[in-house]
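Residue numbers (UniProt numbering), protein chains in the order written: chain S, 1 to 418; chain D, 1 to 418.
Notes for the one structure printed next.
2 protein chains.
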Amino acid sequence: MPEGTKRTVRDLRRGNRSVLLRSLYFDGPLSRQELSRRTGLSAASVSNVVAELIEGGLVVEAGTVESDGGRPRVLLRSARDYGRLVGVDVGETRVIVELFDLHLSRLAKADLPLGDGGHDVQAVVGHIRAGLRTVIAEAGDGPGIIGIGVGVPGVVERTPEAVVHSQTIGWDAVPLEQMLAECTDLPLFVENGATALGQAEMWFGAGRGCRSAVVALIGSGVGACVVTDGTPYRGATGSAGEWGHTTAQVGGARCRCGARGCLEAYVGAGAVLRRYHAAGGARAEDADEESALARVLADPAPAARDVLEETATYLGAGIADLINLFNPEKIIIGGWAGLMLGGRILGRVRAAAAEYALRRPFAQTSIELCHLGPEAVAVGAATLPLARLLDRGGVPTGPSRAPVVDGRPGLGLSRLPG
Amino acid sequence: MPEGTKRTVRDLRRGNRSVLLRSLYFDGPLSRQELSRRTGLSAASVSNVVAELIEGGLVVEAGTVESDGGRPRVLLRSARDYGRLVGVDVGETRVIVELFDLHLSRLAKADLPLGDGGHDVQAVVGHIRAGLRTVIAEAGDGPGIIGIGVGVPGVVERTPEAVVHSQTIGWDAVPLEQMLAECTDLPLFVENGATALGQAEMWFGAGRGCRSAVVALIGSGVGACVVTDGTPYRGATGSAGEWGHTTAQVGGARCRCGARGCLEAYVGAGAVLRRYHAAGGARAEDADEESALARVLADPAPAARDVLEETATYLGAGIADLINLFNPEKIIIGGWAGLMLGGRILGRVRAAAAEYALRRPFAQTSIELCHLGPEAVAVGAATLPLARLLDRGGVPTGPSRAPVVDGRPGLGLSRLPG
DNA sequence: ACTGCTTAGATCACGCCATGAATTAAGGCG
DNA sequence: CGCCTTAATTCATGGCGTGATCTAAGCAGT
Chain S
1 MPEGTKRTVR
11 DLRRGNRSVL
21 LRSLYFDGPL
31 SRQELSRRTG
41 LSAASVSNVV
51 AELIEGGLVV
61 EAGTVESDGG
71 RPRVLLRSAR
81 DYGRLVGVDV
91 GETRVIVELF
101 DLHLSRLAKA
111 DLPLGDGGHD
121 VQAVVGHIRA
131 GLRTVIAEAG
141 DGPGIIGIGV
151 GVPGVVERTP
161 EAVVHSQTIG
171 WDAVPLEQML
181 AECTDLPLFV
191 ENGATALGQA
201 EMWFGAGRGC
211 RSAVVALIGS
221 GVGACVVTDG
231 TPYRGATGSA
241 GEWGHTTAQV
251 GGARCRCGAR
261 GCLEAYVGAG
271 AVLRRYHAAG
281 GARAEDADEE
291 SALARVLADP
301 APAARDVLEE
311 TATYLGAGIA
321 DLINLFNPEK
331 IIIGGWAGLM
341 LGGRILGRVR
351 AAAAEYALRR
361 PFAQTSIELC
371 HLGPEAVAVG
381 AATLPLARLL
391 DRGGVPTGPS
401 RAPVVDGRPG
411 LGLSRLPG
Chain D
1 MPEGTKRTVR
11 DLRRGNRSVL
21 LRSLYFDGPL
31 SRQELSRRTG
41 LSAASVSNVV
51 AELIEGGLVV
61 EAGTVESDGG
71 RPRVLLRSAR
81 DYGRLVGVDV
91 GETRVIVELF
101 DLHLSRLAKA
111 DLPLGDGGHD
121 VQAVVGHIRA
131 GLRTVIAEAG
141 DGPGIIGIGV
151 GVPGVVERTP
161 EAVVHSQTIG
171 WDAVPLEQML
181 AECTDLPLFV
191 ENGATALGQA
201 EMWFGAGRGC
211 RSAVVALIGS
221 GVGACVVTDG
231 TPYRGATGSA
241 GEWGHTTAQV
251 GGARCRCGAR
261 GCLEAYVGAG
271 AVLRRYHAAG
281 GARAEDADEE
291 SALARVLADP
301 APAARDVLEE
311 TATYLGAGIA
321 DLINLFNPEK
331 IIIGGWAGLM
341 LGGRILGRVR
351 AAAAEYALRR
361 PFAQTSIELC
371 HLGPEAVAVG
381 AATLPLARLL
391 DRGGVPTGPS
401 RAPVVDGRPG
411 LGLSRLPG
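In C-alpha cells, the structure reads:
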C-alpha cells in the first residue's frame, strides 16, 4: 500500500500557499502575525508567501489594527475579485446557472426549465451553454472565471473524465464533462449534486468548523453526503453515500430501486404521502409533492400525526445508522422534505435516533438542520473550482485548461458562440 | 476548514523516505531503477535516500539481477531484522502477546487466560507485562523492539492518550495507554481489535492492494473495519464502524445494546443459535458457541436450512448497506462466525446482497472471506507500530518515547521488572 | 588479456525552500 | 524630537530534489 506521495521542494511551497490562502479565506481577515501563529509557519515564510499571494492578486490588504503602541498589524483577506465562479444545478425539472464572486456572493442567475424533451443530454448541455451566456452578459465586465462546477442528480464516475449515471433522469454513462468541454475552455468540475450541496453546507452552513459530518438529504429521493476529514467521501467509484437505499426493514416495502425495505421507501417524500393517503388522508390531485407534504404537516388529524410519528421513527433509525457507522461530529438534515419535516418533528427524530444509536457516539454528535436550504446546489457546485483553487494555493499549475491572462484567470469563452 | 499542513523541507525528505520504504516493504525486493520508476522520484534522489535507509539499517541489498549486458541491478528489500514488533490481543477470555520480526513472522507467543477476576484492568495490565517478559525471554537476543500494539475489544478514544470504553468487558474510560506506559518506555499503540485485524487483512490478507474495503467481522458481536484510502476510518471519536448496531428491522428483535432490530440481533452467532433453537434445533448444553454453530451448519434438517437462509438474507442486506454507503472495492467477511457461515452460505449472502444493494456499486465490488482468520488480532496490533515506522520513513523523530541505541531501536524494558 | 559497449548507480552544481537572526518600518508617548 | 514597542522584511544558512555528468560493473568479440 504505497503511494502517499509528495515530491519536490516546489510542492512544499504550493502546500504552504494553500494553507495560508485557506486560513485567510475561511477565517480572514488575519494579520501576518496571526497567520504565523495559526499555521506554524515562520514569520519569514509568511511574509514571503503572502507577498506572492498579493502579487498574484489572490490576497489584498484590508486595514490595520493597533498593537499596544507598536507598529500596527496589517490585516489581510482573500480577494473577492480575484476571479468569478460558475455553479450549475442540473435538477430534475430545470437547469440553474449562477455566477458568483470568489466569496460566493451571487452576481447573476439563469433559470432554465427543462421542457418536454426531458433530460435529453443535448438539451441539458444547450441549457448550460445558454445559461452561461446569460449570466456572463447579466453580470457584465469583471474578473475572469476560475471554473465551472456542475451538480448533477446522479453518480459521477471519473474515468478520469466525469461520466454521469442517473436512474432518475435516465442517463447511462453520459460523458458530460467531455461534452461540455466542447463549449468552453474553462476548467470543469462535475459532481453529484448532493455532494456539492454537502460541501456548501460544510463551508458556509451548519457544518462550519467541522472536520466530519454527514449531510442527510431528503426530498423525493433520499441521499447523504458523508464528509470525513473535511472532504466529501466519494468511495471507490463515486457512488458512496447512498443512504436512501440502505435497508430499514428486511423484506419490507418495495422501493423504486427494486429492493425491499429501503429507507427511502419510508421517509422519502413520496413514501410519506403514500402512507398518509393509505391512512385516509385527503388526496390533493392537483398539488405538487411539496404542497402535498405541507398539507400533511398541517393536518391535525390523529392519522396524520401517526404517519409523522412513524416517519420520525424510521428517520431516527436511519440517522442512528449513520451515527453508528460514521461517528460524525454532526448530522445535518437537509433537502426540501428534510427541512419541512425537520421543522416539525426534529425532536421526535432525535429521540428515535437516541433509541437506535449507541449511546456514546450519539452523545458525541448533534443533529441539526441545514442552514442553506435545498436551493444551494449551485453554490455547492461553485465551491468545486474554488476548492481546487484553494488546494493549489491559487496557482493554475501544470497543463491546466484554464486560460490565463496576465497571470489571472481569463474568460475562456472563445468557443462559446454568442 | 484550514489545516492541511506540511511545512519544512525536512518533512519532504521524511515523506520520500516513507514512500520508498513502503514500496520496498510491500512490493520488494526492487532495484533502485524500479523504485525510481514507481515513485516518480529521480534516480539521484532514490540513490540518496536509499543510502540513508541502508545506513540506518532499514533496508538491505539482496542480490542482483542481470540487465541485458549492462551493469546488473542491485535488489533492495526492507530489513527483516531492523527491529521487532509486539502485538497484544486483549480478548474477551484471554490476553495473547506475540513477538514478531519486521515482516510479521512470529518469533514467540504467550497465551494468558483471564481467570475469574474477569477483565479487571490491573489483571489485564499484569498479563500484558508478564506476556512481554515471556516472549522476550523466549525469543532470546535480537534486534530491539519498535513498539507495542494493543488490540482491545472496545472503543478507543484519544484524549490524546488512548482511553478504552468497552461494554462487553465492562471498561469505562480506562486509561490503558497511561497504565501501560508505567511498565515500559516502548512506544504504545492502543487500538480497537477489529480495526487492527482489519489493517492486518488489508496489508497481508484479502485486502492486499486495495485502497478501500470494508472488513465485516462476525462473532458473538458484529462489527466492521472501514478502510478508506488505505487507512482504517476511526470517525470523530474512534467509534466508527459499529455495523452490528445498524438497524436491519425497525422495531425488530431486542438487541443487547438496548435498541431494536440491530443487525447483530439477526446475524450474530448468538442470534443465529437462538433462532435455531426457536425453530426446534437441538440444544447442546455443554458446548461453547463455536461448536454449537458448527452443529447448526452440519444439521441437514429443513429448519436448520431455513435459519441459515434467513441469516444469509439479513447478512446480505447488511452487506448491501455497507456497499451502498461506502462503495468499497471489496467486502471482506471475517470473524469466527463469519468464516464458518461464509464457508457454507457465501453464495446466498452474495445473492441477498445483490438484491438489496444498488446495481452499480454492487457490480463494482466483490465479497470475499478473510484470509488471516480471527486469530490475527495480534498481527494486526503489531502492524500499528509498523505503520508508524513506515509513515515516518523509519526515523523515530521528535520527542519519541522509543529508546534508541546507536540509531536503532532499543529494548526499553528498564522498567519491566524481571 | 584487452577493447568497446551497455546499463546501473553515484556525484556534482544548481535552483528552490523554510528558518532564525538581524534589520527596517511604523506608530505612540513623553 | 528622540525613544520605545511591535510588525514586517531581509539576509545568510543549511536542506532538498533534479538533470547532467561521471564512475562502476558486467558482457561480447577479438
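C-beta: ideal position from N, C-alpha, C; glycine also.
Query raised in the report: Who are the Cβ neighbours of residue 424 (chain S) in its own chain at under 7 Å, not counting the five residues just before and after it?
Result: The question about residue 424 (chain S) has no answer here: the residues shown for chain S are numbered 1 through 418.
Report task. Just mark D89 (chain S) as buried or exposed, buried being the case when its beta carbon has 16 or more other beta carbons within 10 Å. Result -> buried
Query raised in the report: Going along the chain, which residues of the stretch 342-374 of chain S sit with their C-beta nearer than 7 Å to a C-beta in chain D?
Result: E355, Y356, L358, R360, P361 and Q364
Query raised in the report: Going along chain S in order, which residues have a C-beta closer than 7 Å to the C-beta of H165 (chain D)?
Result: R360
Query raised in the report: Among the residues of its own chain, which have a CB less than 6 Å from the CB of D11 (chain S), if the five just before and after it don't count?
Result: none
Query raised in the report: Touch check for the stretch 66-79 of chain S and the stretch 182-189 of chain S: three-plus C-beta pairs under 8 Å?
Result: no
Query raised in the report: Do L30 (chain S) and L53 (chain S) come within 9 Å of each other at the CB atom, strictly closer than that value?
Result: no
Query raised in the report: To the nearest angstrom, how far is it from the Cα of I218 (chain D) to the Cα of L372 (chain D)?
Result: 14 Å
Report task. Compare the C-beta of A381 (chain D) with all C-beta atoms of chain S and state if any pair is closer than 9 Å. Result -> no
Query raised in the report: Exposed or buried, G69 (chain D), counting other C-beta atoms within 10 Å across all chains shown (16 or more means buried)?
Result: exposed
Query raised in the report: Hey, is T311 (chain S)'s beta-carbon within less than 9 Å of any beta-carbon in chain D?
Result: no
Query raised in the report: DSSP state of H127 (chain D), grouped into three classes?
Result: helix
Report task. Find the nearest neighbour of A110 (chain S) within the set S:F100, S:L346, S:D116 and S:G118, judged by alpha-carbon distance. Result -> S:F100
Query - Cutoff 9 Å: S212 (chain D) Cβ touching any chain S Cβ - result: yes
Query raised in the report: What does T237 (chain D) touch in chain S if you count any residue whose Cβ is under 8 Å from its own?
Result: N327, R360, P361 and Q364
Report task. Report the neighbours of V50 (chain D) on chain S: residues whose CB is nearer than 9 Å to its CB, in chain order. Result -> Near V50 (chain D) there are no residues of chain S at all, since even the closest Cβ is about 15 Å away, more than 9 Å.
Query raised in the report: Quick one: what does DSSP say N48 (chain D) is sitting in, helix, strand or coil?
Result: helix
Query raised in the report: Using the beta-carbon of each residue, which ones in chain D are nearer than 7 Å to H245 (chain S)?
Result: N324 and L358
Requested in this report: Count the other C-beta atoms from every protein chain shown that fall within 10 angstroms of the C-beta of T159 (chain S), then say buried if there are 16 or more, exposed otherwise.
Outcome: exposed
**Report entry** Neighbouring residues, chain S, relative to A317 (chain D) (Cβ below 8 Å)
**Finding:** T247, V250 and G261
Report task. For the alpha helix (DSSP H) containing V19 (chain D), list its first residue and its last residue. Result -> V9 to D27
Report task. Count the other C-beta atoms from every protein chain shown that fall within 10 angstroms of the C-beta of R17 (chain S), then say buried if there are 16 or more, exposed otherwise. Result -> buried
Query - Run of the alpha helix (DSSP H) containing T311 (chain D), from where it starts to where it stops - result: P302 to F326
Requested in this report: Could you tell me which residues DSSP puts in a beta bridge with Q249 (chain S)?
Outcome: D:Q249
Query raised in the report: When we look at the beta-carbon of Q122 (chain D) and count the other beta-carbons within 10 Å, is it buried (16 or more) or exposed?
Result: exposed
Query - Of the residues S:A353, S:E92 and S:S212, the one placed nearest L114 (chain S), counting alpha carbons only - result: S:E92
Query raised in the report: Taking Cβ-Cβ distances shorter than 7 Å, what residues in chain D pair up with G241 (chain S)?
Result: L325
Requested in this report: Can you grab the Cα-Cα spacing for the pair M340 (chain D) / A240 (chain D), in whole Å?
Outcome: 25 Å
Report task. Take the Cβ of V59 (chain D) as the centre, count every other Cβ of all protein chains shown within 10 Å, and call the residue buried at 16 or more, exposed below. Result -> buried
Query raised in the report: A196 (chain S) to G223 (chain S), Cα distance in whole Å?
Result: 12 Å
Query - chain S contacts made by the stretch 94-109 of chain D, where a contact means CB separation under 8 Å - result: none
Query - Span of the alpha helix (DSSP H) around W336 (chain D) - result: W336 to Y356
Requested in this report: Give a yes or no on whether 9 Å exceeds the smallest Cβ distance from V222 (chain D) to chain S.
Outcome: no
**Report entry** Identity of the residue in D:A139, D:A137 and D:V174 nearest V155 (chain D) by Cα
**Finding:** D:V174
Requested in this report: Could you pull the start and end residues of the beta strand (DSSP E) that L99 (chain S) belongs to?
Outcome: R94 to D101
Query - I169 (chain D) vs H119 (chain D) beta-carbon contact at 9 Å - result: yes
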